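Novice: Residue 435 in full-length UniProt numbering sits at position 435 of the sequence shown, with consecutive numbering throughout.
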Amino acid sequence: MIQLAGLLSLLVVFLPLLFFLKHLIFEASARAKLPPGPNAWQVLLNISQLRNKPHVAFHNLAKIYGPLFSMRLGGQLLVVASSPATAKAIFRTHDRVFSGRYLPSLCYAIPATLQSYIMRSTSQECNGVFECANCIIIDLFSSLREVESKSKVRKERVLREMMDYLVEKEGEVVKLDDVLKSTLCNMFANVVASRNLVGCGSWGNGKMVKDLVDEIGEIITTPALADLFPVLRRVDFWRKRDGKILQRKVMCLWGDILKERRSRNGSADNARDFLDVLLENAFPDDLICFILMGLLIAGGESGLITTIWVMVELMRNQDTLSRVRQEIAKAMGTETAMINDSILSTCEYFQACVKETLRLHAPGPLLVPHQALENCVLNDYTIPKDSIVLVNAWAIQLDPENWKDATSFKPDRFLGSKVDFRGNHFEFIPFGSGRRMCPGLQIGFRNVQLLVACLIHYFDWSLPDGENPKNLDTANVSRAGGLRRVKPLLMIPRLREKYVV
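(1) Looking only at its chain, what residues have a beta carbon closer than 7 Å to the beta carbon of residue 478, apart from the 5 residues adjacent to it on each side?
(2) Just to confirm my understanding: we take residue 35, look at its own chain, exclude 5 residues before and 5 after, and list those with CB closer than 7 Å. What are they?
(3) Taking residue 180 as the reference, which of 475, 344, 94 and 450 has the closest Cα?
(4) With H, G and I counted as helix, E and B as strand and the rest as coil, what does DSSP make of residue 474?
(5) In chain order, what are the residue ranges of uninterrupted alpha helix (DSSP H) at least 4 long that sit wholly in the segment 34-81?
(6) Under a three-way DSSP split, which group does residue 462 fall into?
(7) Looking at the structure shown, is residue 381 part of a helix, part of a strand, or coil, going by DSSP?
(8) I need the boundaries of the alpha helix (DSSP H) containing residue 396, first residue and last residue.
(9) Here's the rule: buried if 16 or more other CB atoms are within 10 angstroms of the residue's CB, otherwise exposed. What is residue 88?
(10) Classify residue 97 as helix, strand or coil using the three-state DSSP reduction.
(11) Here's a check: name, in chain order, each residue in its chain whose Cβ is nearer than 8 Å to the Cβ of residue 427, leaving out the five neighbours to either side.
(12) DSSP three-state label for residue 174, please.
(13) Which value, in whole angstroms, describes the spacing of the CA atoms of residue 490 and residue 302?
(14) According to the neighbour-count rule (16 or more other Cβ atoms, all chains shown, within 10 Å of its Cβ), is residue 42 buried or exposed?
(15) Cβ atoms of residue 297 and residue 217: under 8 Å apart, would you say?
(16) For residue 493, which beta-bridge partners are listed by DSSP?
(17) For the alpha helix (DSSP H) that contains residue 294, what are its first and last residues?
(18) Are the beta-carbon atoms of residue 172 and residue 200 separated by less than 8 Å?
(19) Checking the sheet assignment: what are the DSSP bridge partners for residue 479?
(20) Just to confirm, are residue 186 and residue 176 a CB contact at a threshold of 8 Å?
(21) By DSSP's criteria, residue 388 is part of a beta bridge. Which residues make up the other side?
(22) From the DSSP output, in three-state form, read off residue 353 for me.
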């Protein structure tokens, strides 16, 4: 989503234009009863707080204006919901109305992004090709049977490489962020294309992938004038230039993979995967490339954020870590093969730890921005068509009215509880809810479990310079729409003596 820091900086630069257009912007909305909220000057006075932690700033504004408030960013009306009741109204009661997806101006410079499932603006923009793509993607990432069928590929092709890399680095300081990012990237690539994209830990010849992922996140979340004033979208030539450059890079990355796949000529020696299905359905190359790129970013980044936070919380809570290890060891029994999804499905306390991490550290604190497809009345307020709608999942999940000891890490709260993350309990919505919720939440959750289980079951971990893990820094920042640690996680692995990798 668009970073508010950049948007507000642009507001300062283009403040004269803002006031010049004020009458035109407010003329229509003045006749409607909008949700209350800060005025333009109040927004500018809070730039420092909005810069790195918009979810916190919105939480503070909700204390003043209520669980549903609005504010203007240039010509855009932003509506923020901060309670389970308002989230339920958006995701369930008025799900169709708010099923639009807000797109930054860059997406309009790349037609293929508008056609992909991840980035398509509205659920109404469907022709046969797009609907077919949606069905394939949803089936792949939502079907438990499909996830199970790919688990062996993930284990054999990726986890072993990660483990071998960590054994080589035993006793050395490892930047766990890089190890996990490359591993998650390869887990995704093996599910959809039956191959690795990068080397483990050290990006090596896959550095282009990392750079491209980072570049896309940076460009999409860096606002342009057209993001503040959509009427200028047609004349935003700089954004169109950026779009063309980005499209060439994406096509270069995935284009070689497409050529290699077509060269197989349907050999019976190769198992079919997601990429084969896309090719068989005659999707154009640019659409295939951006579907794959969008899914890689969406799944890999949220998985990385959550895995890092799980490791941080377990290191800070050594008693919990010991309990999880005992549970995994008991589930493993005399099993000599590597940990797999089937074994972890019986580890209820470990699953509770991952859920508690998702509650405390929502990977996307404001979820994915939605857009109103038409005027709607919500809580007696009018939400105009094209309004950007955000749900502050971070605030909801840390609200003491919804959770006892809301800011404490207590996995036991999920034991025996029916509350889950599948969008049916609106006090816990780390992946959203409704027709626009994350289609890959199940496979994402299992990937996180699998990675963390391998890290803590086979290795002991310590911090550089003998730092006490209970003092591990939890400072965070909202960057590229995700709630990330300010500092990378540097740790030292040591193979546990009774385990052989």
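Glycine residues also receive a C-beta, built at the ideal position from the N, C-alpha and C atoms. Since the structure is predicted, the reported quantities are computational estimates derived from the model, not experimental observations.
Specialist: Put simply:
(1) Here the set comprises 52, 53, 54, 55 and 365.
(2) Same-chain partners within the cutoff: 68, 69, 70, 79 and 381.
(3) Residue 450 is the option with its Cα nearest to residue 180.
(4) Note: residue 474 maps to coil in three-state DSSP.
(5) If we require 4 residues or more, the alpha helix (DSSP H) runs fully inside the segment 34-81 come out as 40-45, 47-52 and 54-65.
(6) Reduced to three states, the DSSP call for residue 462 is strand.
(7) In this structure, DSSP gives residue 381 an extended state, which the three-state scheme calls strand.
(8) Residues 393-397.
(9) Result: buried.
(10) In the structure shown, residue 97 falls within a coil segment according to DSSP collapsed to helix, strand and coil.
(11) Cβ within range, chain order: 84, 396, 397, 399, 402, 403 and 419.
(12) It is a strand residue.
(13) Distance between the alpha carbons of residue 490 and residue 302: 19 Å.
(14) Counting Cβ neighbours within 10 Å, residue 42 comes out exposed, since fewer than 16 surround it.
(15) Yes, Cβ-Cβ distance for residue 217 and residue 297 is below 8 Å.
(16) Partner(s): 461.
(17) That run of the alpha helix (DSSP H) goes 285-316.
(18) Cβ atoms of residue 172 and residue 200: not closer than 8 Å.
(19) Note: residue 479 sits in a beta bridge opposite 482.
(20) Contact: no.
(21) BP columns for residue 388 point to 78 and 371.
(22) DSSP places residue 353 in helix when its eight states are reduced to three.
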